[in-house]
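For reference, each letter of the sequence shown is one residue, going 1018 to 1166 in my numbering.
Where is the CB? At the ideal position from N, CA and C, for every residue including glycine.
The structure under discussion appears below in the form of structure tokens.
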Amino acid sequence: MTAATASTSASPSGPPPNPATHCTSWRDSGVSRLKVKSCARITDGRLYMNAEWRTTSGSALVDVYIWLEDANKEVVYPGTSLPNGMPSCNMAAWPTPRTNAQWKEYEVGKPLVHGEKYEVCVSVQEQGGPKPNIAGAATQGRQLGIVYP
């Protein structure tokens, strides 16, 4: 499993930009003050799931979970080994990024079907909040549909 992550050190020009090429607009996360984007990119035949987050005011520490579903709402990645999705915990959130990136990206580490539609799903919770049960039919997260070429 390969994770492409943002550098945690600040550059003179600010945090590194999100490399995603497809994103939803900012959406309510379901948690007060938190907004989220579900994002993706395809590079060299590989799909990368991506989440971006921010607060509407003040700062917060958040836990971010990302997973991939097929058109039938079945979890494709990461599978049953990580029942809450790919976790990124204790991440800083501000209304605008300060010194650290407010996005996280994971490469989908399994073969996908060409021409099929997938959903990148994202759940952002306040630090220590409830974790999504990604196998549960009621758990959807914030979604971005993308067709794997």
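Reduced DSSP secondary structure (H/G/I, E/B, other) of residue i
i	result
V1129	It is Leu, not Val, that sits at residue 1129 in the sequence shown. In this structure, L1129 counts as coil in the three-state DSSP scheme.
D1045	strand
D1080	strand
I1163	strand
G1146	coil
S1098	coil
Residues bridged to residue i (per DSSP)
i	result
N1067	C1056, E1122
T1072	L1051
K1134	V1164
V1093	Answer by DSSP bridge pairing: none, since V1093 is not bridged.
First through last residue of the beta strand (DSSP E) which encompasses residue i
i	result
P1104	1103–1110
Q1157	Careful: Q1157 lies outside any beta strand (DSSP E) and carries neither H nor E.
Residue j beta carbon less than 8 Å from that of residue i
i	j	result
W1169	M1103	Any property of residue 1169 remains undetermined from this structure, which presents the chain solely from 1018 to 1166.
K1054	C1040	yes
N1101	P1166	no
E1069	Q1119	yes
Distance between beta carbons of residue j and residue i, contact taken as under 8 Å
i	j	result
R1063	T1038	Their Cβ separation, rounded to whole angstroms, is 13 Å, which puts R1063 and T1038 out of contact at 8 Å.
S1140	G1158	4 Å
E1086	V1092	6 Å
G1132	V1164	7 Å
R1071	P1033	Not a contact, Cβ separation roughly 15 Å.
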